[in-house]
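Numbering (the numbering used here), first residue to last: 6 to 382.
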C-alpha cells in the first residue's frame, strides 16, 4: 500500500515527531511504501528515529497556514492509496478534493482542534470557548473527506461523535527497550530529584514543581527538580512570571530549567538519573514522556484529571494527586522516598504496564488494521 503520512512540523523536540517516525518505520517494516510529508524538517531532531525513512519537506514562507497546507497536499504523489494525517487533517482533505479523489484519509487526532481549556480569567475563558465553537464549526466542513479518526482516549471518541465520524482508540506507543532501566534498589532517602518533561506552558503546571520543591526543602528534604521545558512558544511574559515565582519561593538553585530542550542522549540520562516523574497538568492531556519515564523504571506522580491517569491505577502503578495541589505532590514524593518497598513496587508495576500495553508494535498493528479496513471499504 502506498501511504502519505502528514506531520506539519518535524523540527520540534516533542512527542509528535517521535510518533510520526515510529509509525512510518512500523508501517515500512510491514511492507508499505510510506513517505512522510512536512512543512518543517530538522535533520538534528531525533536523527536515530528518522534514519532510512523517506521524508519530503515542502518549504514555504506561509508557516502552517491553510495555503501552506494546500501546497503540501499538491506536492503529494498523485497515486497514494491513503493519506495518514497526524493532526493535520486538512492536508488529506485537500489532497482528496483536488488531487486524488479515490484516496482514503485517516486522521490521527492527538489534539482536537476545538478542544476547550479554561484560561486564567473569565474573559479569556469566554474567548477560548467561542474560539473552540468556531473551530468545531470549521472542522465539520471537512469531514466528508475523512474516512476514519484514530484517537488516544475515550474523550477522543466523544469528539469524533460530535463530528459524526467513526473512531478507534489506540493509545500512543513507547519504545520500551530504548528507555528501559532497572527500577532502582534504594534505601530510604531524604534526597529526591523530581523530573518534568514538556514544552514550557501554563498547562504543564511547572509552578507546582517549584512549590513542591520549596515545601519539601522546608521539611528537611534535599529536594530538586529537573524541568526539560523547551521554550518553544517564546511566551516572554509567562517565562518571566515563572522565573519570578522560582525566586519568590527561594529555590532558584534547586530548579534546573532546560529552556533550550535536550537531545536524545540527555533525555535518556534525565530519566535514568532522576528519582520520580511528575505529571501535574490541570487539563486532560496525553503525556508520552510520562510513559517513557515509567519504562525507565521511575515511579510517577500524576494528576487525576489527565489522560495518563485514565489508563493507570492509583496506588498500583502510579500515585495520583488532585490538580493544582503542589502540597500533595510533596507529600507523595516524601511518601515514596520514605518507603523503599513502595518505590520499587510502583516503579515495577508502572514499567510492566508500559511493556504489556504501550508498545509501538501494538500501536502499528492496530493502526494497520484500521488502514486495511478503510482502504478495502
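The beta carbon of each residue, even a glycine, is placed where N, CA and C say it ideally should be.
Rounded straight-line distance, which links the Cα of residue j to that of residue i
i           : j           : result
residue 379 : residue 268 : 37 Å
residue 77  : residue 42  : 7 Å
residue 136 : residue 143 : 10 Å
residue 166 : residue 103 : 27 Å
residue 210 : residue 329 : 8 Å
residue 20  : residue 26  : 10 Å
residue 85  : residue 377 : 14 Å
residue 354 : residue 111 : 34 Å
residue 322 : residue 191 : 18 Å
residue 264 : residue 200 : 14 Å
residue 275 : residue 293 : 15 Å
residue 45  : residue 58  : 15 Å
residue 197 : residue 316 : 26 Å
residue 259 : residue 253 : 13 Å
residue 335 : residue 228 : 10 Å
residue 220 : residue 173 : 43 Å
residue 225 : residue 218 : 11 Å
residue 130 : residue 38  : 45 Å
residue 374 : residue 36  : 14 Å
residue 214 : residue 6   : 47 Å
residue 352 : residue 181 : 14 Å
residue 162 : residue 168 : 10 Å
residue 350 : residue 339 : 16 Å
residue 33  : residue 369 : 10 Å
residue 127 : residue 134 : 10 Å
residue 223 : residue 63  : 53 Å
residue 261 : residue 49  : 24 Å
residue 141 : residue 153 : 17 Å
residue 212 : residue 105 : 49 Å
residue 332 : residue 139 : 38 Å
Where residue i falls, given that 16 or more other Cβ within 10 Å makes a residue buried
i           : result
residue 146 : exposed
residue 109 : buried
residue 14  : buried
residue 132 : exposed
residue 286 : buried
residue 382 : exposed
residue 203 : buried
residue 305 : buried
residue 31  : buried
residue 159 : exposed
residue 239 : exposed
residue 308 : buried
residue 17  : buried
residue 156 : buried
Which of helix, strand or coil DSSP assigns to residue i
i           : result
residue 170 : coil
residue 81  : coil
residue 53  : helix
residue 193 : coil
residue 112 : strand
residue 103 : helix
residue 267 : coil
residue 228 : strand
residue 282 : strand
residue 62  : strand
residue 206 : coil
residue 31  : helix
residue 95  : helix
residue 21  : helix
residue 322 : coil
residue 239 : coil
Option nearest residue i by Cα separation, candidates the options
i           : options               : result
residue 151 : 94, 339, 217 and 281  : 94
residue 171 : 177, 186, 149 and 206 : 149
residue 250 : 227, 216 and 273      : 216
residue 22  : 190, 316, 178 and 220 : 178
residue 101 : 92, 79 and 201        : 79
residue 281 : 324, 371 and 24       : 324
residue 89  : 57, 31, 74 and 9      : 9
residue 99  : 117, 73, 163 and 139  : 73
residue 61  : 278, 54, 82 and 335   : 82
residue 278 : 298, 348 and 65       : 298
residue 288 : 50, 31 and 120        : 120
residue 362 : 296, 339 and 344      : 296
residue 116 : 326, 127, 345 and 290 : 290
residue 230 : 164, 283 and 320      : 283
residue 92  : 105, 106, 107 and 69  : 69
residue 357 : 161, 239, 344 and 302 : 302
residue 208 : 352, 162 and 247      : 247
residue 24  : 189, 47 and 55        : 55
residue 244 : 97, 205 and 176       : 205
residue 270 : 51, 40, 140 and 262   : 51
residue 372 : 141, 107 and 176      : 176
residue 2   : 113, 75 and 105       : Because the chain spans 6 through 382 in this model, residue 2 falls outside it and cannot be assessed.
Residue i: CB within 7 Å of a non-hydrogen atom of the ligand FMN
i           : result
residue 249 : Of ligands this structure carries none, so the ligand FMN is not represented either.
Three CB pairs or more closer than 8 Å across the stretch 310-320 and the stretch 230-245: no
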